[in-house]
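Colleague: Numbering-wise, the sequence shown is residues 1 to 307 according to UniProt numbering.
Just so you know, even glycine gets a beta-carbon here, dropped at the ideal spot from N, CA and C.
Quick one: the structure is below, questions incoming.
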Amino acid sequence: MKTDVVEPIDLARSVISVPPLPRGADGTLDREETQKLVDHLAAGGVSTFLFGGNANLYNMSFREFGPFLDLIEDVTPEDGWAIPSVGADFGKATDQIDMLRERGFPTAMLLPASSAATPAGVATGIRRLADRYGRPLIAYVRADGYLAPRDLAALFDDGAVAALKYAIVRSDPAEDPALTAMLDAAGSAERIVSGIGERPVIAHLGGFGLKSFTSGSVCIAPHLSTAILHAMKGGDINAASLLREHFLPLEDLRDAYSPIRVLHEAVRLARIADTGPLSPFLANIEDPGTLDEIERAACRLRDTTFG
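Here you go:
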């Protein structure tokens, strides 16, 4: 498992998967099913595994964080890269950082706080956490006004941030003044990653010059998502656009019902891994009609071939 310093090449090496976290019927972490999911991703060309929102780490207790770190260290391939997340609140993140200092993870992502946060406060918090960790963090921006571009630039310059996961949803991802401002502040696209899956990937990689993207739906069809990344790297936007179309039915369902909850069920219904129960404050989808929609879309995506 990767333990050395994070470089821009690491961010672009593969699609950055953002998988769910399987649990047994009793709610405990399920190593066997997590291994199935990671193996499925690796077989499709994915080597980076970012455990964050889709893994419902927002609601993970501090007591479970250590066993979780043991788990992802155990299931990650020798040539793979596992990235845990901390937070979202500063106090929880501080305690988790203390635990991470004893491990080999070269970075962790700070989950974005949804309340009780200001841009200057977020920048100060990131800096303090990185200083405490002795390693840079991955910042995660999914709302306007969360982190000021000038603060991001300073965090990059000071080595407090290794990368930015940019995930502000736009009706037209090709028109995004906030992303432009972040890129101008950073001075380069090398450390800014598209963070909203396959839907905006053409605009983000083709138009803004980002080098990679995160994805949850990659868990269903890693071969297709990997092919999108390779096509974009090769400048074949038409091929990437055609491949992306296969993801949109499932992405539409995620947008309609909940990105985290739909992906959790999709991985199970596509028979990739039994993801089990979602831990509170989230709950599994139970409506039979919705589950049928998810199963059809997930299985169709899983079975799509190309070439």
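Report the rounded CA-to-CA distance for T226 versus I202, giving the unit in angstroms.
Modeller: When rounded, the distance between both Cα atoms is 14 Å.
Colleague: Is it true that the stretch 68-80 meets the stretch 1-17, where meeting means three or more beta-carbon pairs spaced less than 8 Å apart?
Modeller: In short, these stretches touch, since the Cβ pair count reaches three.
Colleague: For the stretch 13-21 against the stretch 257-275, are there 3 or more C-beta pairs whose distance is under 8 Å?
Modeller: Contact between the stretch 13-21 and the stretch 257-275 is present, because at least three Cβ pairs lie under 8 Å.
Colleague: In whole angstroms, what separates the C-alpha of S115 from that of G87?
Modeller: When rounded, the distance between both Cα atoms is 13 Å.
Colleague: Helix, strand or coil for M99, going by three-state DSSP, please let me know.
Modeller: M99: helix per DSSP, three-state reduction.
Colleague: So, at 8 Å on beta carbons, what are the nonlocal neighbours of L250 in its own chain, with the 5 sequence-adjacent residues on each side left out?
Modeller: Result list for L250: S217, I220, V262, A266, I294, A297, A298 and L301, in chain order.
Colleague: Less than 6 Å between C-beta atoms, sequence neighbours within five positions excluded: which residues of the same chain meet that for F213?
Modeller: Excluding residues within five positions, the ones whose Cβ falls inside 6 Å are S194 and V201.
Colleague: Is there contact here, the stretch 179-197 with the stretch 226-237, by at least three beta-carbon pairs under 8 Å?
Modeller: Contact fails: fewer than three Cβ-Cβ distances are below 8 Å.
Colleague: Which class does K233 belong to by DSSP, given the choice of helix, strand or coil?
Modeller: The answer is helix: DSSP assigns K233 an H, G or I state.
Colleague: Would F90 pass as a contact of L50 if the rule is Cβ separation under 9 Å?
Modeller: Cβ atoms of F90 and L50: not closer than 9 Å.
Colleague: Considering only DSSP beta bridges, list what Y133 is partnered with.
Modeller: Y133 pairs with nothing; no bridge assigned.
Colleague: If I'm right that V169 touches A139 with Cβ under 8 Å, what's the distance once you round it to whole angstroms?
Modeller: So it is not a contact: roughly 17 Å between Cβ atoms.
Colleague: Please list, in chain order, all residues of the same chain as G66 whose beta carbon is under 8 Å from its beta carbon, the five residues on each side excluded.
Modeller: So the list reads M99, once near-sequence residues are dropped.
Colleague: Let me check one thing: in DSSP terms, what residues is L152 bridge-paired to?
Modeller: None; L152 has no bridge partner.
Colleague: Between the Cα of R31 and those of A153, F68 and E245, spot the shortest distance and give me the residue it belongs to.
Modeller: Per the Cα distances, F68.
Colleague: Taking the alpha carbon of R103 as the point to measure from, which residue in L37, G27 and G134 has its own alpha carbon closest?
Modeller: The shortest C-alpha separation from R103 is found at G134.
Colleague: Does the beta-carbon distance from A120 to L152 come in below 9 Å?
Modeller: It is not a contact, given that the beta carbons lie outside the stated cut-off.
Colleague: Looking at the secondary structure, which residues open and close the beta strand (DSSP E) in which residue 322 lies?
Modeller: Because the chain in this structure spans residues 1 to 307, residue 322 falls outside the shown range and cannot be described.
Colleague: Which residues in the same chain have their Cβ closer than 8 Å to the Cβ of L29, if we skip the five residues on either side of it in sequence?
Modeller: Closer than 8 Å at the Cβ level, and outside the excluded window around L29, lie L21, P22, R23, E64, P67, F68 and L71.
Colleague: To the nearest angstrom, how far is it from the Cα of I260 to the Cα of D252?
Modeller: In a straight line, the C-alpha of I260 is about 13 Å away from that of D252.
Colleague: In or out: I9 buried (at least 16 other Cβ within 10 Å) or exposed?
Modeller: The residue is exposed, with fewer than 16 neighbouring Cβ atoms inside 10 Å.
Colleague: Would you identify the three-state DSSP class for I16, choosing helix, strand or coil?
Modeller: I16: strand per DSSP, three-state reduction.
Colleague: What are the complete alpha helix (DSSP H) segments, minimum 4 residues, inside the stretch 197-272?
Modeller: Counting whole runs of 4 or more residues, the stretch 197-272 contains the alpha helix (DSSP H) stretches 222-233, 237-245, 248-257 and 259-269.
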